[in-house]
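Numbering (this note's numbering), first residue to last: 58 to 160.
Quick reminder that beta carbons are idealized off the backbone N, C-alpha and C, glycines included.
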Amino acid sequence: MLTQRLDVDLEMAQMHAEADVWHAVRDRGFCNHGSAVGYLNPPVHELQKRLKPGELACTAGCETIFANGEDWYVQLDDPMLNPVPLPRRSGIGGGRAASRSGA
Numbered sequence: 058m059l060t061q062r063l064d065v066d067l068e069m070a071q072m073h074a075e076a077d078v079w080h081a082v083r084d085r086g087f088c089n090h091g092s093a094v095g096y097l098n099p100p101v102h103e104l105q106k107r108l109k110p111g112e113l114a115c116t117a118g119c120e121t122i123f124a125n126g127e128d129w130y131v132q133l134d135d136p137m138l139n140p141v142p143l144p145r146r147s148g149i150g151g152g153r154a155a156s157r158s159g160a
């Protein structure tokens, strides 16, 4: 029983560490490609209108077009391999840049 608890604790610690690294990519202003849509006819998502069969588009913020699922998974596993800046967003909250402007 103690061994099982230790295994779970280690697994949870590893998952938290991986999530911290993954979120740090966004904190640095780059897309982590955390979600994507594939080609569909008729399209459901606006991005799907730009896709060819087999392609995927990032829906996590950058709208990068990936050649196929393998291409997306490579970028998902290491988003800093080919870093894509997130577009600046304005509006309520406005991100870090907006919060600093009032200081």
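- Contact between the region 87 to 102 and the region 128 to 136 is present, with at least three C-beta pairs closer than 8 Å.
- By the C-beta criterion, the region 94 to 101 is judged to be in contact with the region 110 to 118, since at least 3 inter-stretch pairs fall below 8 Å.
- In the structure shown, the three-state DSSP call for P142 is strand.
- With respect to C119, L104 sits apart: the two C-beta atoms are not nearer than 8 Å.
- In the DSSP assignment, L133 falls within the alpha helix (DSSP H) that extends over G126 to D134.
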